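Visitor: Got a structure here, written out as structure tokens. Questions coming.
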Amino acid sequence: MSQVREIKCPHCGQWTMWDGKIDDRCLHCNGFLETRQFSREVERKIRGEAARERNILIIRPEDGPLKRLGKRLLNALRWWTIIMQVLFFVVVTIIIVLISILPG
Ligand SMILES: [Zn+2]
């Protein structure tokens, strides 16, 4: 499938070898030859990773019972962390207010 061609580098304008791969670099300036395709590929990768990150705690129908339980626990833990942080902030605020109100 790989077909070596001689193409003009989009970065330095020198003739270089390109065999059609996305991550092929110029022999002269080491720049990526298929820049548009490469950036698309990177973008797709990043988007895929972001989606995976977002979906990591979403329970899917194909998940097994153990995976579901784990995801639920992680979700609960995440919520508890947020709730505890808010509670801590509220309690500290109340203590500060009480100290400033109390005489003495
Ligand atoms: Zn080049």
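With the working numbering applied, the sequence shown corresponds to residues 27 to 130, in that order. For each residue, glycine too, the CB sits at the ideal point set by N, CA and C. Model, not experiment: these values are computed from the prediction.
#1: By the 10 Å Cβ neighbour count, where 16 or more other Cβ atoms means buried, how is Cys-52 classified, buried or exposed?
#2: In whole angstroms, what is the alpha-carbon distance linking Ile-122 and Trp-105?
#3: Report whether the distance from the Cβ of Gln-40 to the nearest heavy atom of ligand 3 is below 6 Å.
#4: Give the DSSP bridge partners of Arg-31, in chain order.
#5: Which runs of the alpha helix (DSSP H) at least 4 residues long sit entirely within the segment 59-85? Give them in chain order.
#6: Have a look at the DSSP bridge pairing and note the partners of Arg-51.
#7: Could you give the DSSP three-state label for Gly-90: helix, strand or coil?
#8: In this structure, how does DSSP classify Leu-128 when only helix, strand and coil are distinguished?
Guide: In short, the structure shows the following:
#1: buried
#2: Going by C-alpha positions, Ile-122 is about 26 Å away from Trp-105.
#3: With respect to ligand 3, the structure offers nothing, as its ligand set consists of ligand 1.
#4: Trp-44
#5: Entirely contained in the segment 59-85, the alpha helix (DSSP H) runs reaching 4 residues are, in chain order, 61-81.
#6: Phe-58
#7: coil
#8: Looking at Leu-128 - three-state DSSP - the assignment turns out to be coil, as it is neither helix nor strand.
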